[in-house]
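Asker:
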Amino acid sequence: MTDHAPPRGNVKVRRFTQGAMAGLLWLSLSGGVQAVPMFFTNSAEFLAALPGPASIVDFDAVDAETLIPEGAAFEGITFTTNTGLDLIVSDHFDTTSPLNYLGVADGFSNEFFSGHELTLNFARRVQAFGLSIIASPGDVFAADFQLVASSGSAFNVAPPERILSDGGEVFFLGVINPTGFASAQLISFGDPDADAPFFGFNVDDLTTVAVPEPATFALVGLGLLALCGRKAAFRTASNSV
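In the numbering used here, the protein residues as written are 76 to 316.
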């Protein structure tokens, strides 16, 4: 039986396909292709969909009453607000992972109030971010909170995900985008300067998944290209029989 070399056209097509796949892989992993973010209002669904190992800032590694100055970094996250006040690790109320949570250093209840905004800038780009919001009993309705991240946003749903022993109501908001994003903002609606704010709240269990290091991207890319090469070689061998 005479061996036949594969037609040159097949080689060109194979090389183009491999190059195109490599280019698309690089674009998607480097952020050149922006995936549509997925938003979550249920913590269990968010955790089940995480694209990698999670890091959780639960504020329990420091003592209650620890100040976090406005614009300062804490465990890889830089916090800014529209309150004009520093942030504080507090334990006045029940929370999702006792004992501590994050509030505002107002010298009294250490709470955020309706109309307050919290911006979080991540030291390293993340693929996922989620947080628990612990609000005063019976005061929060659907769409009172908005999470803005990765060119999209989502609002909380009602009723709350759970109710704590002191009556505090837990709401969850999260976002996943494998191409990564560098910041997120939690917005609450209302007038923070009103004599009687609509509600008070705190946050806890800030969950992130970091974008993989470039070395991990390279390994993934090499693996995909190797797989393409093996499939192409198999097709070539099949055509030559």
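Backbone N, C-alpha and C define an ideal beta-carbon position, used for all residues, glycine too.
Is the CB-CB distance between Phe220 and Leu248 below 8 Å?
Answerer: To locate residue 220, count along the sequence shown from 1; it is residue 145. To locate residue 248, count along the sequence shown from 1; it is residue 173. The answer is yes: Cβ separation under 8 Å.
Asker: To the nearest whole angstrom, what separates the beta carbons of Val278 and Leu206, a pair I think is in contact under 8 Å?
Answerer: As a position in the sequence shown, residue 278 is number 203, starting the count at 1. As a position in the sequence shown, residue 206 is number 131, starting the count at 1. Yes, Val278 and Leu206 are in contact; Cβ-Cβ is about 5 Å, under 8 Å.
Asker: Alpha carbon to alpha carbon, how far is Thr283 from Gly275?
Answerer: On the sequence shown, residue 283 is found 208 positions in, with the first residue counted as 1. On the sequence shown, residue 275 is found 200 positions in, with the first residue counted as 1. Straight-line Cα distance between these residues: approximately 25 Å.
Asker: I'd like to confirm something about Ser225: is its beta-carbon nearer than 7 Å to some heavy atom of the ligand NAD, or not?
Answerer: Annotation note on the ligand NAD: not contained in the displayed structure, which lists no ligands.
Asker: How about Val132 and Ala203: are their beta carbons less than 8 Å apart?
Answerer: On the sequence shown, residue 132 is found 57 positions in, with the first residue counted as 1. On the sequence shown, residue 203 is found 128 positions in, with the first residue counted as 1. Contact flag unset, no.
Asker: Between which residues of its own chain and Asp27 is the CB-CB distance below 6 Å, once the five residues before and five after are set aside?
Answerer: The structure shown does not extend to residue 27, since the chain is modelled only from 76 to 316, so the question has no answer here.
Asker: What's the C-alpha gap between Thr158 and Ile143?
Answerer: Taking the first residue of the sequence shown as position 1, residue 158 is located at position 83. Taking the first residue of the sequence shown as position 1, residue 143 is located at position 68. Distance between the alpha carbons of Thr158 and Ile143: 13 Å.
Asker: Per DSSP, Ala259 is paired with what?
Answerer: Within the sequence shown, the letter at position 184 stands for residue 259. Answer by DSSP bridge pairing, in chain order: Leu195, Ala224.
Asker: Looking at Gly190: is its Cβ nearer than 8 Å to the Cβ of Pro112?
Answerer: As a first step, residue 190 is located in the sequence shown; it is residue number 115 there, counting from the start. As a first step, residue 112 is located in the sequence shown; it is residue number 37 there, counting from the start. Contact flag unset, no.
Asker: According to the neighbour-count rule (16 or more other Cβ atoms, all chains shown, within 10 Å of its Cβ), is Val179 buried or exposed?
Answerer: As a first step, residue 179 is located in the sequence shown; it is residue number 104 there, counting from the start. Per the 10 Å Cβ criterion, buried.
Asker: Whose C-alpha, out of Ala148, Glu140, Phe197, Ala147, is nearest the C-alpha of Glu186?
Answerer: Counted from its first residue, the sequence shown places residue 186 at position 111. Nearest option by C-alpha distance: Glu140.
Asker: If we ignore side chains and look at the alpha-carbon of each, how far apart do Gly126 and Val137 end up?
Answerer: Taking the sequence shown and counting its residues from 1, one reaches residue 126 at position 51. Taking the sequence shown and counting its residues from 1, one reaches residue 137 at position 62. According to the sequence as given, residue 126 is Pro; it is not Gly. Distance between the alpha carbons of Pro126 and Val137 is about 28 Å.
Asker: How many Å lie between Glu145 and Ala224 at the Cα?
Answerer: Sequence index remark: in the sequence shown, residue 145 carries index 70 (1-based). Sequence index remark: in the sequence shown, residue 224 carries index 149 (1-based). Between Glu145 and Ala224, the C-alpha separation is close to 20 Å.
Asker: From Ala129 to Asp181, what does the alpha carbon distance come to, in whole angstroms?
Answerer: Walking along the sequence shown from the start, residue 129 turns up at place 54. Walking along the sequence shown from the start, residue 181 turns up at place 106. The straight-line gap from Cα to Cα measures roughly 31 Å.
Asker: Check this for me: beta carbons of Phe197 and Gly227, under 8 Å apart or not?
Answerer: Looking up residue 197 in the sequence shown gives position 122. Looking up residue 227 in the sequence shown gives position 152. No. Outside cutoff.
Asker: Using DSSP with H/G/I as helix, E/B as strand and the rest coil, what is Glu120?
Answerer: Start at 1 with the first residue of the sequence shown, and residue 120 comes out as number 45. Residue state, collapsed to three classes: helix.
Asker: Which value, in whole angstroms, describes the spacing of the CA atoms of Gly243 and Asp161?
Answerer: Locating residue 243 in the sequence shown gives position 168, where the first residue counts as 1. Locating residue 161 in the sequence shown gives position 86, where the first residue counts as 1. Their backbone Cα atoms lie some 23 Å apart in a straight line.
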